[in-house]
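Undergrad: Take a look at this one; I'll ask things after.
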Amino acid sequence: MTVRFFGMISTLSALAACGGGGGGGGGGGGIDPRLARLDVYEAQKLRVLGDPGAGAMGMDPTPDIAMPDAGTGVFEGSATIRLEGADPLVLFGDVAVTIGFGDGAVSGNMDNFFGTNGNGVVVDYTGALGIDGGDVGGADTNGITLNYGGALSAPGESLTFEGAMTGEFLGDPLGALTAADLEAEVTQNTVPVDATIVLIGETTGVVSP
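All residue numbers for the sequence shown refer to the numbering used here, where the first residue is 678 and numbers rise by one.
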């Protein structure tokens, strides 16, 4: 699973090559501040997933015995969305997920997205994808399912999402989670398209009781 996630998130370098092109975050012809966010996302990706091609090791799956059976964990990081329709898009955004290890409660948000539009210009996207429910394996199981849905829009682009991501917790002690929907069903300007959604989040601290 980790290798496949790495391949999906490698599109970071492709967007970075776009430089400061277009959108509301470019800052008047200087260096696009969104590129700094890409650097943060890339650094997190290397910490969590590693870089198999460069021999960099990421986090191993959390051992079953190390999974908490109580408390709440908050995970923050990034989401990558890739649409494969007639006008392919690549988007990046922020993620915050709260996991209740005792009661299995799952909530969160993916927002603050930016990326390409149908013309290949980098723009900001409004809207958010909510994470509302899912399935946490609980003690002695490190798997997770995250249900998501919502809408994103930019000039000329209207995207709607609904589905579920599956993934796992990483690190010993638990330090991150990663999840993906590799066959997402997304509507792009009323047309169904194939898409991939990948999420990475690191704990903001120890799991609290």
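A virtual CB, placed ideally from N, CA and C, is assigned to each residue, including glycine.
Cα-Cα, which of Gly797, Asp812 and Gln721 is closest to leucine 760?
TA: Answer by Cα proximity: Gly797.
Undergrad: Quick one: what's got a C-beta closer than 6 Å to glycine 698's C-beta in the same chain, skipping five residues either side?
TA: Because glycine 698 sits at a pLDDT of 46, beneath the cut-off of 50, its placement in the model cannot be relied upon, and the point is left open.
Undergrad: Taking the CB atoms as reference points, tell me whether leucine 836 and alanine 857 lie closer together than 8 Å.
TA: Against a cut-off of 8 Å, the Cβ pair of alanine 857 and leucine 836 comes out as no contact.
Undergrad: When DSSP labels each residue in this structure, what does glycine 698 get in the three-state scheme?
TA: Interpretation of glycine 698 is limited by its pLDDT of 46, a score under 50 that renders its predicted location unreliable; no figure is taken from the coordinates.
Undergrad: Quick check on serine 755: buried or exposed, where buried means 16 or more other Cβ atoms within 10 Å of its Cβ?
TA: With 16 or more other Cβ atoms within 10 Å, it is buried.
Undergrad: Taking Cβ to Cβ, would you say asparagine 789 is nearer than 8 Å to glutamate 834?
TA: Not a contact, by the Cβ cut-off of 8 Å.
Undergrad: Go ahead and pull the three-state DSSP assignment for isoleucine 808.
TA: It is a strand residue.
Undergrad: Taking one C-beta from the region 731-750 and one from the region 773-786 each time, how about it: are there three or more such pairs within less than 8 Å?
TA: Taking 8 Å as the limit for Cβ pairs, the verdict is that the region 773-786 does touch the region 731-750.
Undergrad: Taking the beta carbon of methionine 734 as the centre, do at least 16 other beta carbons fall within 10 Å, making it buried, or is it exposed?
TA: Methionine 734 is exposed by the Cβ-count criterion.
Undergrad: DSSP three-state call for valine 783: helix, strand or coil?
TA: In this structure, valine 783 counts as strand in the three-state DSSP scheme.
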